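To start, the structure itself, in structure tokens.
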Amino acid sequence: MREWKLAETRYGVVRDRRYEVAVLPIGSTEPHGLHLPYCTDAYEVESLADLACERAHAMGAKVLLLPTIPYGVNTNHLAIPVAISLNPSTLDAVIVDVMDSLEHHGIPKLVLLNGHGGNQFNNLLREMHRRTSLFVTWVDAWKIAAEERAALFAAPGEHADEMETSWMLHVRPDLVALSEADDGAVNQPRIRALREGWAWYVRPWEKLTRNTGYGDPRGATAEKGAQFLQASADKLAAFLKELSDAQLDDKFPY
């Protein structure tokens, strides 16, 4: 039993315990190329949350890891078989209910640990800022160790790419079929502003990609995945410890 993980701990353990920070991992259920499983994002973000919370707990942080939400916003994947999508408003509503529960139980801080690019929480946090006593922040799992990511992974990409494949080779090698991977080539928009990225649009994934992957995964190794996960977990654990120790006075977070 890992007492800092709600899915595994028991009432007798949590009954008289004071928690300062709850961590809610959020993934997705969507195709990840020809070689990775549908719940890749959920596996990855939970592995990061597990390692970071374990380390933060060992440092004395009063942290509680909540069960992972396995669904995310995948409206642009729905043309692909068995992609499961929540509308942004639905996902936000689920998170608000979790926030209300935490507030009721006296847990004052919440970290949304996001493992899927289609999930965005800025507007939710702005909307809830005056409606909850919780301090809520959200973390993009892939950006925690940005320097290490750039150093480790040579092939550009963003979905079922070298980085994600390396991560999965480290945490769930039994679910990776690297020999079946293609090069993850994608189509470029015909309109210049869309190509350059300063005009945003929803990318229909079945038109953008050939087999749902974006980026060449074939240089992936478990060793690279382990290094990236360790670097990310170290930084996240330090943040959780610092947040746990912080007092929510009238000047927080300044």
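One gets the working numbering by counting positions in the sequence shown from 1 and adding 264 to each. Ideal Cβ positions, reconstructed from N, Cα and C, are used throughout, including at glycine. None of the values given here were measured: they were computed from a predicted structure.
It is roughly 6 Å from the alpha-carbon of Ala-286 to the alpha-carbon of Leu-329.
Taking the Cα positions, Gly-336 is about 30 Å away from Arg-282. A residue is called buried once 16 or more other Cβ atoms fall within 10 Å of its Cβ, and Asn-383 is buried on that count. Rounded to whole angstroms, the gap between the alpha carbons of Leu-270 and Arg-279 is 12 Å.
Counted as a single uninterrupted DSSP element, the stretch harbouring Leu-398 is not any alpha helix (DSSP H), since DSSP gives it neither H nor E.
Across the set Val-362, Ala-316, Leu-342, the C-alpha of Val-362 shows the shortest separation from the C-alpha of Ile-333.
Between the stretch 503-518 and the stretch 442-460, the count of Cβ pairs shorter than 8 Å is below three; the stretches do not touch. At the C-beta level, Tyr-478 and Glu-422 come within 9 Å of one another.
DSSP places Val-337 outside both helix and strand once states are collapsed to three, so it counts as coil. Here Pro-372 carries a coil assignment [DSSP, helix/strand/coil]. Taking C-beta separations shorter than 8 Å and ignoring five residues to either side along the sequence, the partners of Glu-412 in its chain run Gln-491, Phe-492, Ala-495, Ser-496, following chain order. For His-434, the enclosing alpha helix (DSSP H) has its first and last residue at 426-435. In the displayed model, Glu-422 falls within a strand according to three-state DSSP. Distances from the CA of Lys-407 to each of Phe-399, Asn-378, Ser-443, Cys-317 were compared; the closest alpha carbon is that of Asn-378. Counting only residues of its own chain and dropping the five nearest sequence neighbours on each side, Pro-437 has a CB closer than 7 Å to the CB of Ala-486. Under the Cβ criterion (8 Å, minimum of three pairs), the stretch 426-436 counts as touching the stretch 289-309. Judged by DSSP in its simplified three-state form, Pro-517 adopts coil rather than helix or strand.
A Cβ-Cβ contact shorter than 9 Å links Glu-267 with Val-277. The C-beta separation of Leu-355 from Leu-366 comes to about 17 Å, leaving the pair out of contact by the 8 Å criterion. Bounds of the beta strand (DSSP E) holding Ala-286 are 285-290. DSSP links Lys-269 through a beta bridge to Leu-329. Scanning Ala-415, Asp-364, Leu-442, Ala-357 for the CA closest to the CA of Ser-397 turns up Asp-364. Bounds of the alpha helix (DSSP H) holding Arg-459 are 456-460.
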